[in-house]
Amino acid sequence: MHDKLPLSPEFYANSDVVLLARKLIGKTLIVMRDGQRREAVITETEAYAGITDRASHAWGGRFTSRTEVMYRRGGLAYVYLCYGLHSLFNVVTGPEGTPHAILLRGVYPVLNDAKMNFGNQVPDDLRKAGNGPGKLSRLMGIDRDMNGADLCSGSDVWITGTGIEIMEDDISVSTRIGIGYAGKDAGLPYRFFIDRAVAEQAIKKTGYF
DNA sequence: AACAAGATTAACT
DNA sequence: GTTAATCTTGTTA
131 MHDKLPLSPE FYANSDVVLL ARKLIGKTLI VMRDGQRREA VITETEAYAG ITDRASHAWG
191 GRFTSRTEVM YRRGGLAYVY LCYGLHSLFN VVTGPEGTPH AILLRGVYPV LNDAKMNFGN
251 QVPDDLRKAG NGPGKLSRLM GIDRDMNGAD LCSGSDVWIT GTGIEIMEDD ISVSTRIGIG
311 YAGKDAGLPY RFFIDRAVAE QAIKKTGYF
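All letters in the first sequence, in the order written, are residues 131 to 339 by our numbering.
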């Protein structure tokens, strides 16, 4: 049994948000909700590079009640409502004053208290339940109450580096989704993802449990 | 005070 | 491929 300790503040303080977005692939998101524990391997991320990135909420130095949390130290949660319907979960990164964030866009579930360990037998309806930023939050029980949550305390929501190994060659890179308004920044290669089959094989091969 | 847009999703044709 | 659902946010179109 792994300890599944949260990643440290030092990990999140790295000012290279694109590198961190890549490093989060294959790590495990853990959420405690109503006494229930849920764990899922991160399969898709996008980097949002602070004030210089037209796609970022903090572009041009915008500092509002919504974006305020992005300017705090790395290792906090930034959760906001998108299209009036979906809570999107981000990881704040970089040192204090640098509003970098990483959007989690996909996870593959590995544990849910209600159905116990999935192992190699994840139910069909859950295999795709975390492939999308809005679906991810619904699957894991994340909502805006978690905005500003400390990902380093290991209490409500955190990310652990133990468990899964992903090969560098298995990580795909592309432009980000749904940010056509961002002009030339829409072309930046800031999205990282792995196939579902790769995630399944890695979980199986590493022997997660 | 009013408005347009949005880091999406599911259910259509 | 198209569209409705739904509401907060940042801007003033």
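Just so it is clear, CB atoms sit at the ideal spot from N, CA and C, and this is done for glycine as well.
For PRO319, count the other beta carbons within 10 Å of its own beta carbon; 16 or more makes it buried, fewer makes it exposed. Which is it? exposed
Alpha carbon of THR197 to alpha carbon of HIS187, nearest angstrom: 7 Å
May I ask which residues mark the beginning and end of the alpha helix (DSSP H) holding TRP162? Strictly speaking, residue 162 in this sequence is Met, with Trp absent from that position. Counting along the chain, MET162 falls outside any alpha helix (DSSP H), though it belongs to the beta strand (DSSP E) covering 158–163.
When you compare the CB positions of ILE296 and LEU137, do they come within less than 8 Å of one another, or not? no
For LEU215, count the other beta carbons within 10 Å of its own beta carbon; 16 or more makes it buried, fewer makes it exposed. Which is it? exposed
Specify, as a first and last residue, the run of the beta strand (DSSP E) that THR175 falls within. 166–179
Please identify the residue among VAL199, ASN261 and GLY284 whose C-alpha is closest to the C-alpha of ASN277. VAL199
Would you kindly work out how many angstroms separate the C-alpha atoms of LYS335 and ILE181, rounded to a whole number? 40 Å
Report the option in THR292, ASP254, GLY271 and ALA143 whose CA atom is closest to the CA atom of ASP164. GLY271
Is the distance from the Cβ of ALA207 to the Cβ of LEU281 below 8 Å? yes
Pull up the distance between the alpha-carbon of GLY204 and that of MET162, whole angstroms please. 21 Å
In chain order, what residues of the same chain have a beta carbon less than 6 Å from the beta carbon of ARG167, not counting five sequence neighbours either side? ASP243
Whole angstroms are fine: how far does the CA of LYS157 sit from the CA of THR223? 16 Å
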